[in-house]
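Q: Dumping the structure here so I can ask a few things about it.
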Amino acid sequence: MAVIRDVLPAFELFQPTTIDDAVRLVDKYRDDYWVLAGGLDSMDWLKDRLRKPRSVIDLSRIPELVGIKEANGGIEIGAMTPLTAVVRHPLVRDRFGLLAEAAELVASPQIRNQGTIGGNVSQDTRCWYYRGGWNCYRAGGNICYADTPTAINREHAILDADRCVAVSPSDTAPALVALEAQMVLRSARGERVVDAEHYFVGPGVDITRMTVLEPGEILTSIRIPATWAGAQFYFEKVRDRQVWDFPLVNVASAIKFANGRIDGARLVVGAVAARPKRLASVEAAIVGKPRDEQTADMAGRMAVEGAVTLRHNGYKVPLMRNLVKRAIRGGPAAVTT
Amino acid sequence: MANKLIGQNYATPDIVAKVTGQAKYAEDFRADGMLFCKLLLSPLPHGRVKRIDASKALAMPGVKGILTADDLPAPADVVTDLGQRIAANTKGEKALSNEPVYQGEPVLAVAAIDELTAVEAIEKIEIDWEPLPFVVDPLVSLRPGGPNARLEGNVWGKPKPPAQGQPPSPPAIEELKWTAADFAEYDQGRLPMGKTPDEWSYGDVDAGFKNAALVLDETFVTPNTSHQTLEPRTAMAYWQNGKLFIHCSTQSVVQTVGSMSRWLHLDQKDIVLISEYTGGGFGSKATGTVTAVIPALLSKKLNAPVMMRIDAETEYSIGGARPGMHGRLKVGFGKNGRITALDMFVINENGPYEAQGDTGMAGRIVSLLYQPEAMRWRGVSVLTNTPPRRAQSQPGGMQGIVLTEPILTKAARKLGIDQVAIHRINAPEGKAKFGPVNPRGQRAYATSAFVKESLDRGAEMFRWHERKAQGGKRQGSKVRGYGVATSAFVSGSTGYDGLFVIKPDGRMYIQSGIGNLGTESMTDSHRVSAEMLDIPWEKVELTWGHTGRNLPWSCVSGGSQTTHAHTRAAHAAAKDAIAKLQEIAAHTYGGNAAAYKVANERVSGPGGSMTLAQAAQKAIELGGKYDGHELPQNINPFTKGSATALAGQGLMAVARDTYPRDGATHSFVSAFAEVEVDVETGKYHILDYVAVADVGTVIHPHSLGGQVLGRSMLGIGHAIGQHWVYDQHYGLPLAKRFHQNKPPTILDAPQKMAWDAVNIPDPETPVGARGIGEPPVAAGCCAVLNALADAVGDDVFRRAPVMVGTLLAALEAGKPIQEPLTAHI
Numbered sequence: 001m002a003v004i005r006d007v008l009p010a011f012e013l014f015q016p017t018t019i020d021d022a023v024r025l026v027d028k029y030r031d032d033y034w035v036l037a038g039g040l041d042s043m044d045w046l047k048d049r050l051r052k053p054r055s056v057i058d059l060s061r062i063p064e065l066v067g068i069k070e071a072n073g074g075i076e077i078g079a080m081t082p083l084t085a086v087v088r089h090p091l092v093r094d095r096f097g098l099l100a101e102a103a104e105l106v107a108s109p110q111i112r113n114q115g116t117i118g119g120n121v122s123q124d125t126r127c128w129y130y131r132g133g134w135n136c137y138r139a140g141g142n143i144c145y146a147d148t149p150t151a152i153n154r155e156h157a158i159l160d161a162d163r164c165v166a167v168s169p170s171d172t173a174p175a176l177v178a179l180e181a182q183m184v185l186r187s188a189r190g191e192r193v194v195d196a197e198h199y200f201v202g203p204g205v206d207i208t209r210m211t212v213l214e215p216g217e218i219l220t221s222i223r224i225p226a227t228w229a230g231a232q233f234y235f236e237k238v239r240d241r242q243v244w245d246f247p248l249v250n251v252a253s254a255i256k257f258a259n260g261r262i263d264g265a266r267l268v269v270g271a272v273a274a275r276p277k278r279l280a281s282v283e284a285a286i287v288g289k290p291r292d293e294q295t296a297d298m299a300g301r302m303a304v305e306g307a308v309t310l311r312h313n314g315y316k317v318p319l320m321r322n323l324v325k326r327a328i329r330g331g332p333a334a335v336t337t
Numbered sequence: 001m002a003n004k005l006i007g008q009n010y011a012t013p014d015i016v017a018k019v020t021g022q023a024k025y026a027e028d029f030r031a032d033g034m035l036f037c038k039l040l041l042s043p044l045p046h047g048r049v050k051r052i053d054a055s056k057a058l059a060m061p062g063v064k065g066i067l068t069a070d071d072l073p074a075p076a077d078v079v080t081d082l083g084q085r086i087a088a089n090t091k092g093e094k095a096l097s098n099e100p101v102y103q104g105e106p107v108l109a110v111a112a113i114d115e116l117t118a119v120e121a122i123e124k125i126e127i128d129w130e131p132l133p134f135v136v137d138p139l140v141s142l143r144p145g146g147p148n149a150r151l152e153g154n155v156w157g158k159p160k161p162p163a164q165g166q167p168p169s170p171p172a173i174e175e176l177k178w179t180a181a182d183f184a185e186y187d188q189g190r191l192p193m194g195k196t197p198d199e200w201s202y203g204d205v206d207a208g209f210k211n212a213a214l215v216l217d218e219t220f221v222t223p224n225t226s227h228q229t230l231e232p233r234t235a236m237a238y239w240q241n242g243k244l245f246i247h248c249s250t251q252s253v254v255q256t257v258g259s260m261s262r263w264l265h266l267d268q269k270d271i272v273l274i275s276e277y278t279g280g281g282f283g284s285k286a287t288g289t290v291t292a293v294i295p296a297l298l299s300k301k302l303n304a305p306v307m308m309r310i311d312a313e314t315e316y317s318i319g320g321a322r323p324g325m326h327g328r329l330k331v332g333f334g335k336n337g338r339i340t341a342l343d344m345f346v347i348n349e350n351g352p353y354e355a356q357g358d359t360g361m362a363g364r365i366v367s368l369l370y371q372p373e374a375m376r377w378r379g380v381s382v383l384t385n386t387p388p389r390r391a392q393s394q395p396g397g398m399q400g401i402v403l404t405e406p407i408l409t410k411a412a413r414k415l416g417i418d419q420v421a422i423h424r425i426n427a428p429e430g431k432a433k434f435g436p437v438n439p440r441g442q443r444a445y446a447t448s449a450f451v452k453e454s455l456d457r458g459a460e461m462f463r464w465h466e467r468k469a470q471g472g473k474r475q476g477s478k479v480r481g482y483g484v485a486t487s488a489f490v491s492g493s494t495g496y497d498g499l500f501v502i503k504p505d506g507r508m509y510i511q512s513g514i515g516n517l518g519t520e521s522m523t524d525s526h527r528v529s530a531e532m533l534d535i536p537w538e539k540v541e542l543t544w545g546h547t548g549r550n551l552p553w554s555c556v557s558g559g560s561q562t563t564h565a566h567t568r569a570a571h572a573a574a575k576d577a578i579a580k581l582q583e584i585a586a587h588t589y590g591g592n593a594a595a596y597k598v599a600n601e602r603v604s605g606p607g608g609s610m611t612l613a614q615a616a617q618k619a620i621e622l623g624g625k626y627d628g629h630e631l632p633q634n635i636n637p638f639t640k641g642s643a644t645a646l647a648g649q650g651l652m653a654v655a656r657d658t659y660p661r662d663g664a665t666h667s668f669v670s671a672f673a674e675v676e677v678d679v680e681t682g683k684y685h686i687l688d689y690v691a692v693a694d695v696g697t698v699i700h701p702h703s704l705g706g707q708v709l710g711r712s713m714l715g716i717g718h719a720i721g722q723h724w725v726y727d728q729h730y731g732l733p734l735a736k737r738f739h740q741n742k743p744p745t746i747l748d749a750p751q752k753m754a755w756d757a758v759n760i761p762d763p764e765t766p767v768g769a770r771g772i773g774e775p776p777v778a779a780g781c782c783a784v785l786n787a788l789a790d791a792v793g794d795d796v797f798r799r800a801p802v803m804v805g806t807l808l809a810a811l812e813a814g815k816p817i818q819e820p821l822t823a824h825i
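Protein sequence lines, in the order shown, are assigned to chains A and B.
All residue numbers for the first sequence refer to my numbering, where the first residue is 1 and numbers rise by one.
All residue numbers for the second sequence refer to my numbering, where the first residue is 1 and numbers rise by one.
See the structure below:
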């Protein structure tokens with residue numbers, strides 16, 4: 001069969017107006033459906049004709065999936081809330097500025113207007129072999145094309161690779177993991193709540209998926225507890241272009257201080273592994289230490305221990321090390337980077 | 001010349017349509033019963049179609065037909081203006097191929113009632129493929145035993161001399177391999193320099209090196225870059241009464257008729273080409289694109305209009321690209337920075353089809369721009385199984401300058417010379433010579449060059465001398481750098497026609513055969529005629545973009561020719577009009593024609609005065625040459641046809657540009673950049689950019705500024721991120737989308753940008769204006785590269801683009817880390 005990478009395939013379009021209806025639909029078509037949020041990831045898959053679902057379930061007509069509200073001192077963000085709304089919301093900006101900064105660095109203004117927070121965390125990896133339709137492990141084949149002697153893998157993983165070396169492309173995901181967010185999932189069986197940290201899966205767990213979302217399940221909202229509200233945050237994203245680009249590496253940190261020393265910290269790095277990489281051992285190591293260059297240095301060095309580079313991504317090691325250093329060092333987040 | 005229009009800003013006649021969305025591009029047209037076609041692209045970098053089974057596709061409801069390579073007319077011979085026949089290149093690019101030589105090459109097209117049906121039909125087509133050898137890296141192909149991109153070899157050979165009285169032979173593909181010894185220094189990142197088919201030199205190169213105070217020998221690699229036009233090369237065609245009507249995306253209008261006629265074996269008079277608006281070309285649509293014949297042929301076969309919309313991935317494949325160049329330059333400098341000798345060796349990645357002239361142009365432009373006292377040039381263009389290369393803004397010159405500039409500023413640092421000073425001491429001036437000695441024992445020379453003036457103006461605007469001392473000083477994790485670069489390119493042709501009619505309504509109707517590719521030269525250059533006749537611009541009607549509307553023979557809208565060529569043609573036509581008006585006045589009022597003057601929309605003299613409207617009426621009454629019933633002998637037949645159709649409507653001005661020109665027209669740009677590098681991340685920003693053009697007389701400041709800064713951005717894209725990516729084992733591209741091959745975004749533009757022009761008329765053209773499209777490209781690219789080196793030091797990067805990882809890895813290791821010579825990483 002000849003391959004052509006243009007024109008949306010024909011599908012049956014459903015536009016439910018309630019979460020219950022949406023859940024019923026994904027349950028009914030569980031073997032062959034595609035959930036459409038903002039469409040920024042979906043349209044690539046569909047228009048490239050790499051995915052040809054029988055039915056597409058568009059969540060954009062469900063009002064209860066949109067909006068940000070206060071909940072138990074924290075906030076709850078509907079999965080279909082546009083990234084622009086997340087960036088602008090006063091509660092997000094006041095208490096969880098980390099997420100606002102991360103969301104503001106996603107792609108471009110147009111994409112942030114259309115793209116949703118739920119879509120941003122649930123999007124698939126951008127490995128150019130996989131997205132180009134190469135039949136790799138992640139696509140169900142038995143090779144990783146990005147990890148061969150001739151592979152061009154400048155954007156690929158330096159940590160936790162397991163056959164597949166693709167990375168998580170999300171900017172909001174590291175921020176949400178740092179903030180100990182919880183993902184609320186709905187299915188015909190009811191609701192389950194998963195820690196953001198465990199929402200994302202690496203290839204060792206499931207090489208064909210990026211999240212724990214099961215067939216028949218929909219991500220309906222993201223809860224951010226009060227735990228880290230008002231902590232000192234740092235987010236930085238390094239990318240090739242100033243707009244409309246995925247991270248080469250991004251970093252999110254939330255740090256609390258007591259008596260001039262680090263009292264607690266969450267430190268997460270994106271685009272270095274298939275899931276946002278939480279640096280739990282570094283977090284533990286810096287507790288009780290002053291926020292100074294020595295602590296930052298130590299954190300940076302610890303962060304990249306065990307990194308394994310590919311032919312073209314060696315720079316990611318010093319980049320991750322220096323971004324972790326900066327995340328500990330603090331200061332004005334380099335939002336324009 | 002008076003100065004009411006020339007050098008003044010104005011609203012171009014296409015601008016309202018463009019900003020309001022009313023402008024219609026090829027894709028916006030519809031015709032009754034129109035079908036859509038889609039292309040089946042080769043999945044292989046090189047393969048042969050053994051069998052096509054389209055039976056399931058053709059059986060689908062709504063599928064109307066298929067076009068394969070077997071349906072194409074054979075390549076036609078070219079007949080030059082002088083009547084010389086040049087045999088067709090049978091190995092050149094065609095619209096469809098049964099032996100595709102790159103992944104993405106169109107194999108067949110299917111037409112259906114809509115695109116979805118066409119696409120679903122294509123997916124039902126079965127093709128038996130015979131995979132063939134391939135290569136996507138020119139150096140891999142040059143290695144002993146390396147694969148060839150074409151079955152016949154990997155380089156274009158020189159055509160054999162024709163037998164007496166016979167047409168010149170078509171070029172042939174040959175095989176070129178270098179020895180293992182040639183590759184001895186490959187692993188050290190030094191470009192192998194084996195045998196090349198082409199070479200020239202002038203002066204005593206050995207003595208130049210011997211007398212040099214400093215000799216640098218450096219390898220640098222420039223990127224392959226897609227043209228990334230906003231409008232893909234979409235085309236829609238239908239036939240009416242034996243004539244082909246085609247809406248297509250092309251840089252040129254009149255000149256594209258010629259290529260369509262050649263590709264389709266059609267008489268030019270049977271082609272009506274409509275292209276009022278084109279969304280960019282940058283060289284890739286100079287005279288249209290060969291794939292535009294697909295809807296034309298399908299339309300003929302199916303007897304229905306056919307639209308072929310090109311999607312982004314197909315545009316990546318068929319749109320073409322600038323060839324990347326591997327270069328190694330040995331340059332000798334005197335203590336004062338003067339280049340005593342320059343030995344240039346370049347390998348061009350040609351793609352699979354027509355030979356690109358970038359290698360030779362690289363040598364000639366470097367020789368012009370830096371005026372080395374002695375120079376040798378060697379070059380080879382190697383075929384690869386990657387998309388076709390086409391000219392891209394400043395073709396070859398750009399790459400040559402990018403190979404040279406880092407060496408020039410490195411020498412400045414080593415010799416303790418200011419960057420402006422080293423550019424100044426090597427800058428061309430006046431009728432500067434360039435290139436090799438020709439068979440007549442002479443070297444070519446420029447018409448004029450005012451590079452020093454542009455450097456001085458730029459330094460003043462940028463406050464270079466105050467700011468440069470901050471270069472390399474670190475503050476926190478940030479370090480700033482300052483860079484200067486100069487650039488040059490050809491900028492004008494001659495010999496085209498001007499055509500306009502002044503009608504009895506007193507208005508001036510100008511016919512423009514120039515393409516509207518966004519540069520505005522299709523309107524700007526005609527302002528010369530209005531200026532000379534002293535007619536307010538409001539009374540000018542411009543017709544362009546439709547060959548059914550009687551356009552004159554015009555130059556290709558490419559290679560920065562148009563402003564030069566058509567201000568000359570407009571000047572010639574205006575002179576013709578003035579002479580005719582004077583004669584009409586003298587005929588009416590008596591006296592000597594020369595005593596009558598044309599001004600204020602009147603022709604007036606000792607015997608009396610009449611309006612141009614009255615003169616137009618008189619011209620019709622007089623007939624003959626005055627209203628176009630008699631035409632000059634020396635105009636092009638194309639113009640003759642158009643003028644004949646317009647005859648009798650008023651006073652016709654029609655003339656060919658026969659003005660003399662001593663020298664080859666070139667334009668120049670000097671550019672200045674400030675960058676700030678974060679040494680902890682490798683990320684950098686361009687803070688400030690100034691470019692000053694030496695383009696002769698300024699015709700239209702707004703469009704000139706748009707070109708100077710816009711084309712600078714094109715070059716900056718080469719410096720900061722635009723590139724191609726191939727997996728060499730599979731021969732397949734990985735970065736086919738904008739977010740992967742990374743053309744610069746608006747936020748990557750320098751935070752501050754400014755431009756100016758020295759505005760000194762070129763002495764070899766009546767209006768003094770030269771073209772601008774090309775030289776800002778290398779200036780933008782190299783000002784940024786030189787600023788980066790100023791910030792982080794030499795020996796950090798040795799290829800462009802310089803991306804985050806390149807800088808950070810090198811700064812970490814204290815030496816360049818990025819693979820120096822592998823293509824497409």
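Built from N, CA and C at the ideal position, the CB exists for glycine as well.
Just so you know, these numbers come straight off a predicted model, no measurement behind them.
State buried or exposed for isoleucine 143(A), treating a residue as buried only when at least 16 other CB atoms are found within 10 Å of its CB.
A: As a position in the first sequence, residue 143(A) is number 143, starting the count at 1. Burial call: exposed.
Q: Taking only runs of the beta strand (DSSP E) that begin and end inside the segment 134-214 of chain B, which ones reach a length of at least 3 residues, in chain order?
A: 198-202
Q: Between the alpha carbons of tyrosine 130(A) and alanine 146(A), how many angstroms are there, rounded?
A: Position 130 of the first sequence, counted from the start, is the residue given in the question as residue 130(A). Position 146 of the first sequence, counted from the start, is the residue given in the question as residue 146(A). Taking the straight line joining both Cα atoms gives about 9 Å.
Q: Can you say whether glutamine 242(A) is buried or exposed, counting buried as having 16 or more other CB atoms within 10 angstroms of its CB?
A: Taking the first sequence and counting its residues from 1, the one referred to as residue 242(A) is at position 242. Sixteen is the threshold: when 16 or more other Cβ atoms of the shown chains lie within 10 Å of the Cβ of glutamine 242(A), as they do, the residue is buried.
Q: Throw me the rounded Cβ distance for the phenylalanine 826(B) and leucine 191(B) pair, which I believe falls under 8 Å.
A: Any question about residue 826(B) goes unanswered here, given that chain B covers just 1 to 825.
Q: If you measure beta-carbon to beta-carbon, which residues of the segment 151-167 of chain A are closer than 8 Å to chain B?
A: Ala151, Ile152, Arg154
Q: By Cβ distance below 6 Å, which residues in the same chain neighbour serine 609(B) in space, the five residues on each side in sequence not counted?
A: Looking up residue 609(B) in the second sequence gives position 609. Arg602, listed in sequence order.
Q: Going along chain A in order, which residues have a C-beta closer than 9 Å to the C-beta of lysine 815(B)?
A: For the purposes of this step, residue 815(B) is taken as the residue at position 815 of the second sequence. Simply none; closest approach about 13 Å.
Q: Could you give the distance in angstroms between the alpha-carbon of glycine 793(B) and the alpha-carbon of glycine 472(B)?
A: Position 793 of the second sequence, counting from 1, holds the residue named residue 793(B). Position 472 of the second sequence, counting from 1, holds the residue named residue 472(B). Taken atom to atom, the span from the alpha-carbon of glycine 793(B) to that of glycine 472(B) is near 8 Å.
Q: When DSSP builds the beta bridges, which residues end up paired with tryptophan 544(B)?
A: Here the question's residue 544(B) lines up with position 544 in the second sequence. DSSP output for tryptophan 544(B) lists Ser512(B) as bridge partner(s).
Q: Exposed or buried, which one is methionine 307(B) when buried takes at least 16 other CB atoms within 10 Å?
A: On the second sequence, position 307 is the one that residue 307(B) refers to. So methionine 307(B) counts as buried.
Q: Can you check whether the C-beta of glycine 721(B) is within less than 7 Å of a C-beta belonging to chain A?
A: Sequence index remark: in the second sequence, residue 721(B) carries index 721 (1-based). True, the Cβ-Cβ gap to chain A drops below 7 Å.
Q: What in chain B is Cβ-close to leucine 248(A), meaning under 8 Å?
A: The sequence position of residue 248(A) within the first sequence is 248, counting from 1. What leucine 248(A) touches in chain B: Val804, Gly805.
Q: By Cβ distance below 7 Å, which residues in the same chain neighbour alanine 647(B) in space, the five residues on each side in sequence not counted?
A: For the purposes of this step, residue 647(B) is identified with residue 647 of the second sequence, where counting begins at 1. Closer than 7 Å at Cβ, skipping near neighbours: Asp627, Gly628, His629.
Q: Please check if any C-beta of chain A sits within less than 7 Å of the C-beta of isoleucine 122(B).
A: Along the second sequence, read from residue 1 onward, the residue named residue 122(B) stands at position 122. So yes, isoleucine 122(B) belongs to the interface.
Q: So which residues on chain A does glutamine 728(B) lean against when the C-beta distance must stay under 8 Å?
A: As a position in the second sequence, residue 728(B) is number 728, starting the count at 1. Residues of chain A passing the Cβ test: Thr150.
Q: Identify every run of the beta strand (DSSP E) within the segment 244-292 of chain A, keeping only runs that are complete inside it and at least 3 residues long; order them along the chain.
A: 249-258, 261-270
Q: Could you please give me the residues that DSSP links to proline 827(B) through a beta bridge?
A: Lying before the first or after the last residue shown, residue 827(B) is absent from chain B, which here runs from 1 to 825.
Q: In terms of residue numbering, what span does the alpha helix (DSSP H) encompassing cysteine 781(B) cover?
A: On the second sequence, position 781 is the one that residue 781(B) refers to. That run of the alpha helix (DSSP H) goes 776-792.
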